[in-house]
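Q: My questions will all concern the structure given below.
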Amino acid sequence: MATTKTGAKTAEERPLRSRIMLWLVVSAIAAIAAAAWLNRAPAQGYADVGTSYAARVACSCRFVAGRSLEDCEKDKLGGMELVALSDDPEARSVTATFPMLAETTATYREGYGCVLEPWDE
């Protein structure tokens, strides 16, 4: 006489669990996409402000104070870890980039200091 193990799943239980797991995964992805879509304007604003601030401060640090870009990285505020800095010594400019959302350049101009480049609307 054959007996089944107490933990064994019947053929009807397996597809039901698979459908429930698939539904949960799809629901989680939809919720994340909806949250990202609803918060797109504030996120874009924070990215624009963060890159503008970082570019202007790093440009002043680099071309007014004469420090290295690596040393200027220390001047970024907490929470700005995703903002990347790059410089162009010939153009005397620093560009701050937030991945996939914003990029801002500040250029040193004699008599004015570091000035942000106009944003594209």
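In my numbering, the protein residues as written are 1231 to 1351.
Cβ atoms here follow ideal geometry from the backbone N, Cα and C, with glycine treated the same way.
1) Mapping DSSP to helix, strand and coil, what is Ser1298?
2) Would the beta-carbon of Ala1277 fall within 8 Å of that of Leu1331?
3) Ordered along the chain, which non-local residues of its own chain (more than five positions away) have a Cβ less than 7 Å from that of Arg1322?
4) Quick check on the DSSP output: the beta strand (DSSP E) that includes Tyr1283 runs from which residue to which?
5) What's the gap between the Cα of Glu1340 and the Cα of Gly1280?
A: For this structure:
1) Along the sequence shown, one-based indexing puts residue 1298 at 68. Three-state result, Ser1298: coil.
2) In the sequence shown, counting from the first residue as 1, residue 1277 sits at position 47. In the sequence shown, counting from the first residue as 1, residue 1331 sits at position 101. Going by C-beta atoms, Ala1277 is nearer than 8 Å to Leu1331.
3) Position 92 of the sequence shown holds residue 1322. Excluding residues within five positions, the ones whose Cβ falls inside 7 Å are Phe1293, Thr1337, Tyr1338.
4) Counted from its first residue, the sequence shown places residue 1283 at position 53. Note, Tyr1283: premise wrong, no beta strand (DSSP E); alpha helix (DSSP H) at 1270-1289.
5) Looking up residue 1340 in the sequence shown gives position 110. Looking up residue 1280 in the sequence shown gives position 50. Approximately 25 Å, taken between the alpha carbons.
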